[in-house]
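Have a look at the structure below, then the notes.
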Amino acid sequence: MTILKDSVIYLIGELVSKGLPFLLLPYLTRMLGADGFGDLSLAQASIAFILIFVGLNLDGAITRYYFRYGYRSTSLIFISGIFYSLIVTLLGVTISLYFNQYVIATCFTCAFFQNLVSVQLTYRQIQKKVMPYIYIQLITSLTAISLTVLILSFFVSSYEGRIYALTLSFICTAIFAFWFVPYDFKFNNKYLIQQLKLGFMFFAGFGVPLIFHNVSLFFKGQLDRFIVYNSFTSSELGIYATSFQLASLLAVLLLALNKATLPYYFEALKNKKLTSLKIKKIIYCSLLFVPIPSLLALIIPEYLYELILGSGFGSVKIYNVIFLLGISMTLPYFVVVNYLFYIGKTKTISVCSIISALLHVVLLLTLGAIELRYTSLCLFITNTFTFIFLYLYMIKEKSFLELI
Numbered sequence: 009m010t011i012l013k014d015s016v017i018y019l020i021g022e023l024v025s026k027g028l029p030f031l032l033l034p035y036l037t038r039m040l041g042a043d044g045f046g047d048l049s050l051a052q053a054s055i056a057f058i059l060i061f062v063g064l065n066l067d068g069a070i071t072r073y074y075f076r077y078g079y080r081s082t083s084l085i086f087i088s089g090i091f092y093s094l095i096v097t098l099l100g101v102t103i104s105l106y107f108n109q110y111v112i113a114t115c116f117t118c119a120f121f122q123n124l125v126s127v128q129l130t131y132r133q134i135q136k137k138v139m140p141y142i143y144i145q146l147i148t149s150l151t152a153i154s155l156t157v158l159i160l161s162f163f164v165s166s167y168e169g170r171i172y173a174l175t176l177s178f179i180c181t182a183i184f185a186f187w188f189v190p191y192d193f194k195f196n197n198k199y200l201i202q203q204l205k206l207g208f209m210f211f212a213g214f215g216v217p218l219i220f221h222n223v224s225l226f227f228k229g230q231l232d233r234f235i236v237y238n239s240f241t242s243s244e245l246g247i248y249a250t251s252f253q254l255a256s257l258l259a260v261l262l263l264a265l266n267k268a269t270l271p272y273y274f275e276a277l278k279n280k281k282l283t284s285l286k287i288k289k290i291i292y293c294s295l296l297f298v299p300i301p302s303l304l305a306l307i308i309p310e311y312l313y314e315l316i317l318g319s320g321f322g323s324v325k326i327y328n329v330i331f332l333l334g335i336s337m338t339l340p341y342f343v344v345v346n347y348l349f350y351i352g353k354t355k356t357i358s359v360c361s362i363i364s365a366l367l368h369v370v371l372l373l374t375l376g377a378i379e380l381r382y383t384s385l386c387l388f389i390t391n392t393f394t395f396i397f398l399y400l401y402m403i404k405e406k407s408f409l410e411l412i
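Following the numbering used here, the numbering of the sequence shown begins with 9 at its first residue and continues without gaps.
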């Protein structure tokens, strides 16, 4: 019952906190227009790419260390990881300012503080501190919304204003999380350099192989913006990006479900409460879910999209339906990839991700060049390939076969 209760609270908190920014979508589409929204999607894609190298999966390293070795030395991973992130951020900001790329400098700053907030959320999650976790999420969303409206309305009425607002919201949340939301983390200034090196080695050993995995996820989730921007107009990119933003509501739901259940999934594996047969049943049930969101989206008429988003956004519907199909495939993927993460098969995941990313790029450059709707279909094809590849690997894994 505790698992169910915590999972429901996590899920509701995630949906509320992550769903709140979607309330801004009609405001942003009307304020920025299709062209401005296209530029905004490029800037957000840049932040996502920078975060891969600034964060280096620090939150994932802390989670894995905790569930494999316990809580005691997670602070070593945290301190060494944040120190690395700070160096990369300062380097990126310095180079950006040298070339007068102020927006890129802001993107580096945003990525650093986003990583800091993500780590804070990770600590609350592994300690199963549900309410502090939700407080941090809500503060992030509410400050982002408030600052976006404030900055766009009174200071900067272009896409840059939204980027500044996001950066400031992560800064405010990081300060709030460190000083006002209690948790059981203790800084120890007596760590020897050698211990911090060991912490960094674990952090880097976990994160570096996943660079390829995360870059591949970027290719599948963000690279299409750059290709669409170069092959079509900014207005078409705005329509395309808006469609993905709407479909991302489902991604928020699935990610929230994954985050809420992940500690219990790992704990069940650790205590050998999950058998291979049970895991397979979960996967098969999740596959039945895949077509449902797209079928429901087909029912919604185009005029409702224009009513909500503004004139000229009716064509969002077809792309939204296709995107939902691709995003739905992440549900069975999560079940498989989380098991492989637990047993430390990060290199296998990375290899699969590289192959999948290459396939996605090829599809984007071929199918995507023909018609814009084919570009949105690429996500479903590559997500399906990734799931099948990892599933076939998982069922042949010795540790999986021993789960009886």
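Virtual Cβ for every residue (Gly too), placed ideally from N, Cα, C.
In the structure shown, what three-state DSSP assignment does residue i receive?
i: P271; result: helix
i: M9; result: Low per-residue confidence applies at M9: pLDDT is 48, beneath 50, and the placement is therefore not dependable, though the value from the model is reported in the following sentence. M9: coil per DSSP, three-state reduction.
i: E379; result: coil
i: F116; result: helix
i: M337; result: coil
i: V125; result: helix
i: V329; result: helix
i: T156; result: helix
i: S413; result: The structure shown has nothing for residue 413, since the chain only spans 9 to 412.
i: L176; result: helix
i: N391; result: helix
i: P309; result: coil
i: S407; result: helix
Taking just the CA atoms, how far does residue j sit from residue i?
i: L332; j: I103; result: 38 Å
i: T130; j: S302; result: 32 Å
i: V96; j: F226; result: 19 Å
i: V3; j: G100; result: This structure cannot settle anything about residue 3, because the visible part of the chain is limited to 9 through 412.
i: T250; j: I58; result: 22 Å
i: Y273; j: I219; result: 24 Å
i: T394; j: C360; result: 7 Å
i: H368; j: Q230; result: 11 Å
On a Cα-Cα basis, can you pick out the residue from the options that is closest to residue i?
i: K406; options: F397, I87, V370 and L348; result: L348
i: A305; options: A255, M337, Y141 and I17; result: A255
i: G213; options: G68, L23 and K289; result: G68
i: A113; options: S361, Q52 and K137; result: Q52
i: I326; options: S336, I70, E310 and L296; result: E310
i: S243; options: V62, Y106, K288 and S323; result: S323
i: L150; options: L32, T390, L315 and L296; result: L32
i: A60; options: T383, S224 and K280; result: It is Ile, not Ala, that sits at residue 60 in the sequence shown. The candidate whose alpha carbon is nearest that of I60 is S224.
i: N65; options: A264, F208, G21 and T269; result: F208
i: L257; options: L400, I17 and L23; result: L23
i: Q253; options: I20, V16, N391 and F45; result: F45
i: I247; options: C115, I287 and A42; result: A42
i: I287; options: F408, G63 and T156; result: F408
In or out: residue i buried (at least 16 other Cβ within 10 Å) or exposed?
i: Q202; result: exposed
i: S364; result: buried
i: M9; result: Low local confidence applies: a pLDDT of 48 at M9 is under 50, so the model's placement there is unreliable, with the coordinate-based value given in what follows. M9 comes out exposed.
i: G352; result: exposed
i: S126; result: buried
i: L312; result: exposed
i: K228; result: buried
i: K267; result: buried
i: P299; result: exposed
Quiz item: Looking at C-beta atoms only, is the number of pairs between the region 116-129 and the region 169-176 that lie closer than 8 Å three or more?
Solution: Yes: the two stretches touch, three or more of their Cβ pairs being nearer than 8 Å.
Quiz item: Below 8 Å, can you find three or more Cβ-Cβ pairs linking the region 334-342 to the region 259-276?
Solution: Of all C-beta pairs linking the region 334-342 to the region 259-276, three or more are shorter than 8 Å, placing the two stretches in contact.
Quiz item: Pairing CB atoms from the region 157-173 with CB atoms from the region 36-56, are three or more of them under 8 Å?
Solution: Counting C-beta pairs closer than 8 Å gives three or more between the region 157-173 and the region 36-56, which meets the contact rule.
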